[in-house]
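Worksheet: one structure, shown below.
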Amino acid sequence: MKNLELSTKSVDTLNEPEAAIELARLAVEIARHDALYYQHDAPEIPDADYDALRRRNDDIETRFPALVRADTPATRVGTAPSDGFGKIRHAVPMLSLGNAFANEDVAEFEARVRRFLSLTPGDPLAFTAEPKIDGLSISIRYEKGVLVQAATRGDGAEGENVTLNVKTISQIPHKLSGRDVPDVIDVRGEIYLGHDDFAVLNAAQAAAGDKVFANPRNAAAGSLRQLDSTITASRPLKFFAYAWGEASKLPAETQSGVVAAFARWGLPTNPQANVCASAAELLAAYRETGERRAALGYDIDGVVYKVDRLDYQQRLGFVSRSPRWAIAHKFPAEQATTVLNAIEIQVGRTGALTPVAKLQPVSVGGVVVSNATLHNEDEIARKDVRVGDTVVVQRAGDVIPQVVRVILEKRPPDAVRYVFPSACPVCGSHAARDHDGGSSTADVVRRCSGGLICPAQAKERLKHFVSRNAVDIEGLGEEKIEVFYDDGRIMRPADIYTLQARDSRSLKRLKDQKGFGEKSVEKLWKSIDARRKVALDRFIFALGIRHVGETTARDLAKSLGTIEAFQEAVRAAAAGGRESEAYRDLDNIEGIGLTVVDALSAFFSEPHNLDAVDDLLKHVTIVPFERIHAVQSAVTGKTVVFTGTLAQMSRPEAKAQAERLGAKVAGSVSKKTDYVVAGADAGSKLDKARDLGVAVLSEDEWIALISST
Ligand code: IVH
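Under the numbering used here, the letters of the sequence shown match residues 140 to 848, in that order.
Okay, here's the thing in C-alpha cells:
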C-alpha cells in the first residue's frame, strides 16, 4: 500500500509496520506545520486539520505503545498557538532564594537551620557552597533518561516551553546514561553565556546592525527565547545543573551526592562546588569564590549555600517562595560615578512620592544605568544631593540602582539645595507625611492624599493588579495600562473585564487603534478571559493594600480560606475598629500584625475601595485557597496553638508540620482555637486555654493525633 493511501486508512485497521510508517510520516508532517506556524507565522492548513493530525498520531501511539518515537510530537505539549511559546506547568514549583549580604547573615542562617531542626551544637551539619550563576534558570525533564521537555522558570508555577531550543544546546545531553537514572526527573540549572562568547556575539550583532545586549544574562535570555531554534543553535549557550524538581527516585541522600550523580549521567555541573561543615567554612568558600570570580569566564553574583542532607531539606521545607534550607550570599554591589541631571518625583500605587535621579547614563558592572532611586526626602537632605552633582551610584543584583553619595569636590558653584514638593506632581493634591501606626515621628514617606482621583495612583494600582505575581494578565503590561487609562478604557480593575463587551459596541474599535490589530486584540481577550478565575491569595495581593505583600496575602488566604470569609473578616474589622473582636481575630492570624490589620481596615473603610472590589467580584470568580499538599488529616482545618518548650522538635518545625497537615497555627488562644499543644513550662496561654475550655494536648498526645491519619 502506498503511503498516501496509508494516510487515509483508519487507525484501527493499521497493522504494526503500517503504524510505524504512519508515525514517522506524522512526526515530520507535524514538525513542518509547527515550524510554519510558530516560526514563520505562515500556516498552510487550518487549525482543525492540524488538530486531526495530532489526534491521529495520539490514537496510533495508544494502539501501538511500543512504536512511540523518541521525537514524537506528543511530548511537545501545550504549544498554545498565539503565544509563541506554549506554557508548561512545573510539577514542583521553581523557587527563588533568600539573600544574605553580611557575614552575620550567614551565621544567622546556620543558627536558624539548627534551631529549626533542634540540633545541638555538637550535631554535624554540612552545607554545599557553589557559585550563583547569573543566567536564567531552566527545568529539563528526562523520562527514562530521554530529554522530553524543557521549560523556563516563568512565574515559578508555569514557564515557557523551550524544548526545541534547549535541545540545540550542545552541553545538554538528549539522553542520560547510568544505571541509577530515574524514570522521571526534572533537572534544574542555569543557562548562561561565557564572557568571550558574549563579546563575540555582541561584535557580530553590532556589525550586522542588530541589537547589542547589555550583559551576558540578557544575551542568554534573548538567545533562548527565539522562536526560530536555528538562531538559538547558533549561540554558544552553556549550562550547569544544580537542582531538581519532580523525581521518581533520587540517586543519593545528599545534595552533593545528587549533583555528583548528575555529572555521572553526563550533565555539566559546576566544578567550583564544595561541601562545608560550618558557617566559618561557608565564609571561606565565599571569599575564595570572590577571589576567583574574575577568572571564571562567566558572570556570577554570589555563592549559594544549601543544607546537604536531603532529609533535612525535606523537614526544613519552604517559606513563601524560598526554601528554608538554602540561601544566596550576594557579592557587594558594584559602583560607578556619573552626573545627576535632574530629580523626578514618581507617584506609587499607595501614593508614595519617590524621588528618582535622572543620570548621565553610565555602565555599572556591565549594565547601563540612567535612573537611580533617591529613596525619600530625608535621604536627599541627609546626602544633600543636588541637581548637577557628580554622584556615586551602585547596583546590587536585580535591585533598583541607588545614589550612594555626592562627590562634593565636583559640585558646580550654582547648585542649589533640593526642595521636596508638598503637592503631588501628578494630581496636585496635598502630599503629607503620616504618623504611621499612631507613632509620634513622621513617616519618611510623603504621600499624595488624592487616592484614586490621582491618575498616577490609579494607574499604578492597575499595573499592580495585572502584574505577574498578582492576577497576571499577559499582554496587558504597564504601557497598555497607561494607554487604556489615558483614553478612558480602563480606569478601575473591573473595567478590564468589561472591556471586550464595551469594545464590541464601540465606534472606536480597539483593533483599529494604532499599535493594535485583529490578532493582538483577540489575544488580549483570550488572556483576560483566562483570568476570570483568580486564586484567593493572588486576588488579595492584587488589591494593592498597603503592607499586604505576597506573603501576607497568602497568610490571610490560608487562614480565611474563601473570599466570603475574607470580606466578612475585613469589613467587620473596618466597621468595629481597633477594640473590636473582629480586629483581634485578624490580628490573631499567624503572620498578621496590627500594622496589616490597620491597613486592611483603612482600605475597607474607603467607599471607593469597597465599590471597586464589589464591581470586580461581579466579573471574577475567586478560587478558595488550596492548602499546598492538601492532605486530609485528623487536624485538617483545625486551629492549633503551640506553647511552652517542645521536646521532639523545634516550634517552627512543629508549626510547619502542622500546616503541611492542613491545620492553621495561631499565635494566641481564643474561643476559635481547637487545640493547645503544651510543652514544658507552658504559661499564660495554657491558663487561657483552661479558662476557655479549649482542648489541651501534651506533645505526645499531639504526635499521636497527627500520626493517627
Ligand atoms: S538553587 C530551591 N543554585 O538563583 C532553590 N540557584 O535566586 C533552587 N541560581 O532562580 C535554586 N545559581 O536561577 C540555585 N547554584 C545555584 C544557582 C541558582 C543561580 C539562580 C536560579 C534561581 C535564583 C534564585
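Positions of the beta carbon are idealized from the N, C-alpha and C atoms, including for glycine.
Can you tell me the Cα-Cα spacing of residue i and residue j, whole angstroms?
{"i": "residue 664", "j": "residue 639", "result": "7 Å"}
{"i": "residue 387", "j": "residue 322", "result": "6 Å"}
{"i": "residue 193", "j": "residue 332", "result": "36 Å"}
{"i": "residue 243", "j": "residue 504", "result": "25 Å"}
{"i": "residue 558", "j": "residue 490", "result": "19 Å"}
{"i": "residue 207", "j": "residue 199", "result": "9 Å"}
{"i": "residue 203", "j": "residue 286", "result": "21 Å"}
{"i": "residue 454", "j": "residue 294", "result": "25 Å"}
{"i": "residue 255", "j": "residue 788", "result": "8 Å"}
{"i": "residue 509", "j": "residue 364", "result": "26 Å"}
{"i": "residue 247", "j": "residue 791", "result": "15 Å"}
{"i": "residue 302", "j": "residue 288", "result": "5 Å"}
{"i": "residue 145", "j": "residue 209", "result": "22 Å"}
{"i": "residue 190", "j": "residue 173", "result": "11 Å"}
{"i": "residue 151", "j": "residue 159", "result": "14 Å"}
{"i": "residue 750", "j": "residue 632", "result": "11 Å"}
{"i": "residue 313", "j": "residue 412", "result": "24 Å"}
{"i": "residue 324", "j": "residue 675", "result": "31 Å"}
{"i": "residue 495", "j": "residue 533", "result": "14 Å"}
{"i": "residue 258", "j": "residue 793", "result": "14 Å"}
{"i": "residue 835", "j": "residue 410", "result": "53 Å"}
{"i": "residue 616", "j": "residue 646", "result": "24 Å"}
{"i": "residue 613", "j": "residue 460", "result": "21 Å"}
{"i": "residue 597", "j": "residue 488", "result": "7 Å"}
{"i": "residue 423", "j": "residue 782", "result": "39 Å"}
Please state the DSSP three-state secondary structure of residue i.
{"i": "residue 442", "result": "strand"}
{"i": "residue 454", "result": "helix"}
{"i": "residue 830", "result": "helix"}
{"i": "residue 485", "result": "strand"}
{"i": "residue 411", "result": "coil"}
{"i": "residue 325", "result": "strand"}
{"i": "residue 200", "result": "helix"}
{"i": "residue 232", "result": "coil"}
{"i": "residue 796", "result": "helix"}
{"i": "residue 157", "result": "helix"}
{"i": "residue 884", "result": "Only positions 140 to 848 of the chain appear in the structure, and residue 884 is not among them; the question remains open."}
{"i": "residue 147", "result": "coil"}
{"i": "residue 366", "result": "coil"}
{"i": "residue 383", "result": "strand"}
{"i": "residue 500", "result": "strand"}
{"i": "residue 189", "result": "helix"}
{"i": "residue 614", "result": "coil"}
{"i": "residue 378", "result": "strand"}
{"i": "residue 808", "result": "coil"}
{"i": "residue 603", "result": "helix"}
Is the distance from the Cβ of residue i to the Cβ of residue j below 8 Å?
{"i": "residue 587", "j": "residue 570", "result": "yes"}
{"i": "residue 396", "j": "residue 315", "result": "no"}
{"i": "residue 361", "j": "residue 300", "result": "no"}
{"i": "residue 414", "j": "residue 447", "result": "yes"}
{"i": "residue 462", "j": "residue 234", "result": "yes"}
{"i": "residue 601", "j": "residue 624", "result": "yes"}
{"i": "residue 739", "j": "residue 759", "result": "no"}
{"i": "residue 270", "j": "residue 393", "result": "no"}
{"i": "residue 376", "j": "residue 308", "result": "yes"}
{"i": "residue 436", "j": "residue 381", "result": "no"}
{"i": "residue 778", "j": "residue 812", "result": "yes"}
{"i": "residue 691", "j": "residue 730", "result": "yes"}
{"i": "residue 268", "j": "residue 444", "result": "yes"}
{"i": "residue 407", "j": "residue 310", "result": "yes"}
{"i": "residue 353", "j": "residue 501", "result": "no"}
{"i": "residue 439", "j": "residue 336", "result": "no"}
{"i": "residue 824", "j": "residue 762", "result": "no"}
Using 8 Å for Cβ pairs, my map puts residue i next to residue j. What's the rounded Cβ distance?
{"i": "residue 828", "j": "residue 808", "result": "5 Å"}
{"i": "residue 815", "j": "residue 838", "result": "11 Å between Cβ atoms; not a contact."}
{"i": "residue 555", "j": "residue 572", "result": "Not a contact, Cβ separation roughly 23 Å."}
{"i": "residue 281", "j": "residue 245", "result": "The Cβ separation is near 34 Å, so there is no contact."}
{"i": "residue 546", "j": "residue 531", "result": "7 Å"}
{"i": "residue 230", "j": "residue 385", "result": "4 Å"}
{"i": "residue 595", "j": "residue 486", "result": "4 Å"}
{"i": "residue 681", "j": "residue 603", "result": "7 Å"}
{"i": "residue 747", "j": "residue 591", "result": "5 Å"}
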